[in-house]
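Below is one structure, written out as structure tokens; the observations come after it.
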Amino acid sequence: MEDVILEMKNISKTFPGVKALSNVDFALRKGEIHALMGENGAGKSTLIKVLTGVYDLEGGSITMAGKNIVNHSPEDAQKNGISTVYQEVNLCPNLTVGENLFIGREPRKGLFIDWNAVNKRSKKLLDDLNIEANPKKLLGDCSIAVQQMIAIARAVDQNCKVLILDEPTSSLDDDEVAKLFTLMRKLRDNGVGIIFVTHFLEQVYEVCDRITVLRNGELVGSYEASELPRVQLVAKMMGKNFDDLADIKSGHENKVDMNSTPVIDARGIGHTGTIHPFDLAVHKGEVIGLTGLLGAGRSEMVRAIYGADKADSGQLYVNGKKVKINKPLDAMMLGMGYLPEDRKKDGIIADLSVRENIIIALQAKKGMFHLMSRKEMDEAADKFIDLLQIKTASRETPIKSLSGGNQQKVIIARWLLTNPDYLILDEPTRGIDVGTKTEIQKLVLDLADQGKAITFISSEIEEMLRTCSRMAVLRDGYKVGELSGDQLNQADIMKTIAGSENGGSENAK
Amino acid sequence: MQSNQSKWSRITHAPLFMPIVCLIAVLVLNVIQTPTFFKISINNGVLYGYLIDIINRGSELVILAVGMTLVTAASGGQDISVGAVMAVAAAICCQLLTGGQKTSSTLAMPIIVAAIIGILVAGLCGAFNGFLVANLHIQPMVATLILFTAGRGIAQLVTKGQITYERAPSYKVLGGYIGKCPVPTPIFVAIITVIVMQLILKKTALGLYVESVGINGSASRLVGLNSTMLKFITYVICGLLAGLAGIVASSRIYSADANNIGLNLEMDAILAVALGGNNLGGGKFNMMGSIIGAYTIQALTTSLYAMNVSADQLPVYKAIVVVIIVVIQSPVFRDKIANASKKRKAVA
Amino acid sequence: MKKAKLSKTGFLLLITIVMFAVMYIAGMIIFQDKGFAKPQMFLNLFISNAGLIVIACGLTIVMITGGIDISVGSVTALVCMSAADVMENKGMSAVFALFLALIIGLAFGVVQGYLVTYLKIQPFIITLAGMFFGRGLTAVISTKMISIKNKMFLAWANEKMYLPFGYTNRHGVLVHAYIYPTVVIALVVVVLIQIMLKFSKFGRALFAIGGNEQSAVLMGLNVKSTKMKAYVLDGFLAGLGGFLFCLNSCAGFVEQAKGLEMDAISAAVIGGTLLSGGVGTVVGTLFGVLITGTIQSLITTQGTLSSWWVRIVLSIMLCFFIVLQAIIGGAGLKKKDKGKEKTAKATT
Amino acid sequence: GCGQATSGGKSTSSSSSSSSSASSSASKGGSGKSVTIGFSQVGAESDWRTASTKSMKGTLSSKNGYTMIFDDAQQKQENQIKALRNFIQQDVDYIALDPVTESGWDTVLKEAKDAGIPVIIVDRMVKVSDDSLYTAWVGSDFKAEGNKACEWLKQYADKKGIKQSDINIVDIQGTIGASAQIGRTEGLNDAVKANGWNLVAQQTGEFTQAKGQEVMESILKSGKKINVVYCENDNEAFGAIDALEAAGKKVGSDIKNGEIMVMSFDSTNAGLTDVKNGKIALDTECNPLYGPRVDEMIKKLEAGQKVPHLQYIDEAMFAKDNTIPTVTAKNAKGEDTKYDVTVVTDDVIKGRSY
Ligand SMILES: Nc1ncnc2c1ncn2[C@@H]1O[C@H](COP(=O)(O)OP(=O)(O)OP(=O)(O)O)[C@@H](O)[C@H]1O
Ligand SMILES: Nc1ncnc2c1ncn2[C@@H]1O[C@H](COP(=O)(O)OP(=O)(O)OP(=O)(O)O)[C@@H](O)[C@H]1O
Ligand SMILES: [Mg+2]
Ligand SMILES: [Mg+2]
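Chains as they are written, first to last, in the working numbering: chain A, 1 to 509; chain B, 1 to 348; chain C, 1 to 348; chain D, 1 to 354.
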């Protein structure tokens with residue numbers, strides 16, 4: 001094979017109770033974008049971590065430009081010209097944006113770090129990539145999307161031969177993704193080999209030259225992207241035929257009675273500094289989507305309803321009754337559930353087992369003195385592991401050792417278990433593979449059919465169009481419009497998001 | 001063969017395995033040094049022997065370790081004021097019993113009432129710590145530093161700077177023996193504390209809540225847990241238990257010695273938690289581990305006394321044993337050993 | 001908007017400095033007639049705490065990585081005792097004693113650093129063992145006090161450096177204020193470490209590790225060697241600080257510097273260092289030392305409190321200070337901090 | 001500008017007394033300026049210490065023409081150094097220091113001397129390179145305490161016809177490194193060597209009842225023969241007695257018939273009560289009442305008189321009966337001194353405030 005710059009042979013990796021990789025081969029050519037595909041838990045991230053020395057190499061070999069290498073740590077990997085963006089944003093929240101970009105390779109003047117240069121170069125780097133962030137700002141104060149972009153910026157700025165991107169696009173919106181792709185193509189043209197992990201099939205076909213598919217820790221095969229039709233790719237990933245474009249909405253008629261008392265009726269709810277007062281009504285059986293650009297305040301809107309950030313203005317009516325929500329538990333008691341956007345920070349309780357992570361919300365609702373019996377817990381856990389096909393060694397496995405997508409499924413299970421009347425899903429499909437994504441969308445519609453009210457947030461407009469019966473549009477912390485029925489199409493949504501030239505806060509209601 | 005091995009590995013990976021091994025190791029060391037170490041006899045109508053000493057003398061430490069485990073799990077920090085809080089509880093209890101006298105051989109009020117008041121005041125101290133940590137988000141070690149310094153001062157204020165003696169025989173019961181029962185009372189107190197705590201952990205969701213809050217506070221809040229309240233509660237429990245330990249310690253010497261009751265015990269309690277395999281950074285905890293850890297420390301102290309190690313060198317031995325224990329407990333070290341033995345097998 | 005520019009660390013540092021200034025000036029006004037306004041009174045804060053400043057700087061470094069070192073008090077005692085012993089009993093020179101002090105500190109740093117970094121044992125426990133070990137070893141060298149009479153050493157200790165200002169005494173004579181060389185050394189250490197923290201790769205890596213150790217690994221930093229170096233440097237500074245401490249007390253004895261670790265930790269924390277890591281400055285730590293020193297000084301100047309009230313008032317003032325800092329700091333940073341408290345932990 | 005501090009070759013006591021008498025013309029009872037004295041106390045770690053503080057504060061009170069600036073060092077030498085520096089800045093007339101430790105005072109005492117403030121050391125001794133750094137010392141002779149207690153035991157054994165080699169003694173030491181522990185342990189060690197006693201065990205009880213009890217328990221379990229327990233303070237003795245009795249031993253002075261003799265130091269109220277009950281055979285006093293002695297010294301210094309550089313405070317011995325009425329033992333300076341043994345009566349106990 002010509003121009004192979006990185007080759008992995010016979011890679012295996014075992015975790016207690018899981019064979020994450022068995023005898024996987026992988027080859028990356030110079031100047032190609034190579035997609036690494038597979039379901040949640042297929043072993044993509046593990047392969048990357050073995051490659052970059054986060055995990056020890058248990059067997060097999062890695063050659064780079066014909067030379068055998070062993071990376072004992074990401075530091076080694078970087079020295080060998082491999083730079084990586086890992087799946088979860090892995091930066092330091094207590095350092096500034098600029099520092100995160102340059103730490104470990106700071107420009108120096110003599111012995112000292114040249115902070116001016118750091119800031120200047122950061123500014124330039126951020127500007128080049130169109131990232132709106134001040135280099136002097138603390139990273140922890142930036143939204144995840146920005147953090148994600150910064151992680152990418154850090155990786156691409158290093159003169160690398162191999163760039164690895166593990167689901168970099170999961171929290172980016174289309175604009176950002178487009179920016180990233182331009183960048184990736186440029187790097188490819190400069191001869192960098194790129195490994196790209198994603199669950200978005202369109203993206204794969206948009207930028208990738210070749211595709212390697214993993215399933216259950218085993219290599220399925222490597223293919224030219226042009227020679228592998230989409231349906232076949234999915235089939236290879238899942239090991240069975242599957243049509244991800246199935247019109248899942250059919251069979252779910254919209255039976256929402258818009259005149260009934262809304263389950264949730266927010267009037268003038270707002271939270272200073274994040275979301276301006278807004279009105280929002282959600283009815284039984286309805287899936288309402290929130291859309292807007294990055295940072296438009298979708299998450300903030302639902303956080304204010306749920307009491308994650310206590311609303312400081314307006315009133316909330318639940319089933320027509322005025323209620324006061326001071327803390328999330330109040331909302332839960334009123335039948336709400338909230339799947340947060342930032343899985344790592346607000347979702348998983350890392351050291352607890354899958355079982356405990358699933359039952360924790362229900363247990364909190366029941367109160368301290370009504371401990372669920374072990375049997376109840378086990379049954380609940382097993383039911384959802386089965387239902388959502390969560391890939392885990394056992395229900396007692398700590399959630400932190402699950403793959404990213406499977407962690408997300410556990411959090412979804414947590415909220416389904418509480419059987420809420422009103423469920424808020426903020427990016428529920430982030431990092432979830434195609435098969436399951438469809439399952440989740442179906443689930444959402446099923447729940448609506450059962451008479452639950454749902455608010456759904458996703459960066460994928462496609463996905464929203466498939467599930468939502470109504471959409472609210474946000475811009476800069478204001479709710480700027482609401483669309484339903486025929487208006488639910490890409491063009492109209494885009495128009496509303498962009499807004500008219502002069503109207504900042506017109507209300508389409 | 002296969003199943004044998006997996007059974008063995010299941011045992012060795014059980015959470016309590018290492019703490020128990022360490023305790024046994026310390027005890028075995030004793031038998032070599034002091035052959036009579038395990039001898040238990042009835043002397044003067046009571047049980048008598050080094051083993052009894054360990055279990056008896058370890059009681060206060062066990063009680064403290066229980067509270068310390070909860071605090072550590074919930075807040076990822078330690079309460080270093082427990083020793084001083086013990087002194088406060090003892091001072092209040094004794095002053096109430098002597099009716100403000102320096103020495104008394106009668107009781108100014110029923111022991112149970114005085115003891116409960118003492119314990120409640122200790123709980124109040126815990127509440128103070130809890131407020132600082134949970135509500136004001138002050139780092140635990142610093143928040144509890146306040147009572148660590150002030151506690152003995154308060155105790156002295158209560159006892160007017162002198163040791164208060166309550167010489168009524170009934171006050172000696174808690175730290176001594178109940179009637180003709182040959183088993184020292186502190187053992188019962190410790191066992192009851194442990195049982196009650198185990199029941200609470202088994203029958204309520206406290207344990208799960210505490211772990212959850214300790215691992216990820218913001219996620220816990222979003223699933224409806226009141227992390228402020230939970231942290232606060234653990235500190236109150238820790239305070240109450242410190243109070244109980246203080247009263248037991250005071251009863252042993254039928255007096256309140258503000259300067260010395262529980263002196264340096266906070267460090268031992270923290271050590272017990274760590275030896276029990278718990279992460280001092282909070283999160284998942286193992287109560288039985290801490291209790292075994294506490295007895296391990298007491299076994300060590302008693303053993304060194306039994307071997308007549310001179311007191312000034314005692315900390316050196318203690319340090320060495322502690323390091324050995326934590327090193328063999330360390331997963332990294334165990335992995336290394338496992339790898340080495342695997343390699344040796346492969347060679348053979 | 002302007003204020004938002006100030007980083008979180010800068011904001012906390014500013015609060016600390018302002019609060020110190022307010023407290024000191026208040027003291028100068030209240031106790032004007034008691035000499036509190038004299039420049040020497042202020043300089044004494046540095047003179048008496050030179051060793052502590054250096055030790056607390058070392059501690060700040062490991063605290064920034066999210067670690068802790070509670071062995072520093074014992075190391076100080078060991079350093080003083082060894083220095084005294086070699087000079088008085090072995091006839092060595094003061095230079096040798098200084099050397100020995102640094103070696104002892106380094107040795108502690110290397111061993112503790114290795115255990116913490118490479119065997120991943122919790123720093124609290126390792127350094128607790130270090131604390132026992134150091135204290136025990138001190139007693140092994142000698143249980144008696146050794147006072148230092150070495151000429152060169154005493155010359156170092158008593159070398160006053162007069163400053164061009166002072167106060168006019170009751171006879172109208174200008175008494176020059178003075179400092180000792182220890183103060184200069186301490187201040188130089190503060191400046192050097194602050195520069196290192198801000199402007200060196202190593203310094204920034206410390207912050208990255210404290211912010212999120214796992215991320216630091218993934219970003220390609222050499223976490224192990226950085227942490228190891230942090231502990232070695234901490235050990236070195238403990239040795240140096242111990243020697244400065246010794247210059248102040250000119251003696252070695254077993255009970256020396258007991259509880260110094262708590263003083264150092266609280267100084268660092270009051271100065272804005274987080275025990276959970278990732279945040280801290282040594283300038284803040286310096287002010288932390290000055291603040292606790294001033295509180296003590298105010299109480300001494302007042303001079304009518306009974307022993308136990310001294311402890312209580314000391315802690316009330318400490319409490320007041322910590323709480324005020326938490327409230328002002330908390331209010332100023334409220335929005336920023338929300339829900340962020342455990343991000344780092346969820347991953348480790 | 002760095003100048004070298006030079007203090008004139010004058011002896012401290014004379015230079016300081018003259019400077020202070022110049023500064024405060026009126027002293028006791030005078031309506032004018034009172035004498036300011038800074039007192040740095042060790043802490044409040046025991047009843048004994050509390051009594052000592054009370055004595056100082058009571059005597060050197062405003063009623064008697066003093067202004068006292070009191071500082072509690074909480075057992076930390078570094079705190080005392082800070083306090084002394086503070087006193088110097090406050091321009092006190094005198095400094096009284098009850099040092100936490102014996103050594104480590106050179107620098108700060110030199111500062112006091114440079115400032116012309118006389119320093120009176122009480123209780124524990126200080127070791128400094130230059131004795132003129134302090135004006136006077138008054139305190140206990142711990143070594144002598146040990147010596148005389150052991151001498152008493154020797155004579156007691158002789159009188160009761162017990163062979164010296166039959167004495168099996170346990171030493172429950174004080175906190176290691178404390179001067180009281182050092183002196184009392186040394187006294188015992190010397191006597192053990194001289195008289196051929198068996199030192200069965202030596203372990204610290206850290207001056208507390210709880211530790212004393214725990215250590216005694218442990219020693220008893222070793223099964224060795226014991227007939228004398230030498231406790232280095234009263235609290236340890238209480239603990240040891242409890243442990244002995246719990247193990248079914250009889251505590252008393254009848255060694256021949258299997259009783260175990262407990263000896264102790266300090267002579268607190270509670271200790272003397274146990275002497276009277278026959279539980280403690282001999283309690284050697286350690287006198288905490290320094291107030292009057294310091295008062296006396298300052299009055300002399302104010303009047304321009306000289307005071308002795310070193311003075312020992314008088315300390316008695318207490319026993320249940322007068323089997324041995326007096327003992328002769330060496331004091332710290334190695335001189336033979338005669339000490340009386342007081343028989344404890346209710347009056348003696350009542351007279352003890354601490
Ligand atoms: N640290 C770990 N300990 C134990 N098991 C692990 C650990 N990391 C991963 N696994 C397991 O290894 C398998 C592969 O995980 P991996 O993270 O590589 O999946 P992935 O393909 O990246 O999935 P996703 O698309 O969800 O990110 C999973 O079954 C997971 O549970
Ligand atoms: N590019 C950015 N630069 C600076 N701050 C941003 C940026 N994006 C978001 N923010 C901040 O984050 C807040 C909300 O962001 P967030 O991403 O949570 O909104 P969102 O509408 O939920 O978007 P998404 O869920 O797609 O990330 C905004 O108020 C803004 O202050
Ligand atoms: Mg992955
Ligand atoms: Mg969002």
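The beta-carbon is built from N, C-alpha and C at its ideal position, and this holds for glycine as well.
DSSP puts residue i in a beta bridge; with which residues?
i	result
A/Pro398	A/Ser353
A/Arg470	A/Ile288, A/Ser484
A/Leu28	A/Leu6
Would you say residue i and residue j are within 8 Å of each other, going by their C-beta atoms?
i	j	result
A/Thr392	A/Val434	no
D/Asp141	D/Asn331	yes
B/Ile253	B/Cys93	no
B/Arg167	B/Ala84	no
A/Leu91	C/Ser215	yes
C/Met23	C/Thr294	yes
A/Ile457	A/Asp426	yes
A/Arg267	A/Gly297	no
With DSSP run on the structure shown, which of helix, strand or coil describes residue i?
i	result
A/Gly404	helix
D/Asp91	coil
A/Arg475	strand
D/Phe70	strand
D/Phe318	strand
C/Thr348	Low confidence applies to C/Thr348: its pLDDT is 31, below 50, so where it sits in the model is not reliable, and the reading given next is rough at best. If DSSP states are grouped into helix, strand and coil, C/Thr348 belongs with coil.
D/Ala22	The predicted position of D/Ala22 is uncertain, since its pLDDT is 38 and thus under 50; a value taken from the coordinates is nonetheless stated next. Helix, per DSSP.
By Cβ distance below 6 Å, which residues in the same chain neighbour residue i in space, the five residues on each side in sequence not counted?
i	result
C/Ala139	Val254
D/Leu153	none
D/Ser103	Lys127
D/Lys225	Asn168
C/Phe321	none
Using C-beta distances below 8 Å, list every residue in its chain close to residue i, excluding the 5 sequence neighbours before and after it, in chain order.
i	result
A/Ala331	Ile305, Tyr306, Gly307, Ile325, Tyr338
D/Val92	Thr36, Ile37, Gly38, Ile69, Ile117
For residue i, which residues of its own chain have a beta-carbon under 7 Å away from its beta-carbon, when the five flanking residues on both sides are left out?
i	result
D/Tyr66	Ser34, Val35, Ile37, Leu60
query = Taking only runs of the beta strand (DSSP E) that begin and end inside the segment 208–292 of chain D, which ones reach a length of at least 3 residues, in chain order?
reply = 228–231, 261–266, 282–285
request  = Mind listing, in chain order, the continuous alpha helix (DSSP H) runs of no fewer than 4 residues lying wholly within the segment 161–209 of chain A?
outcome  = 174–189, 201–207
key: Runs of beta strand (DSSP E) wholly within the segment 320–399 of chain A (minimum 3 residues, chain order)   = 321–323, 336–339
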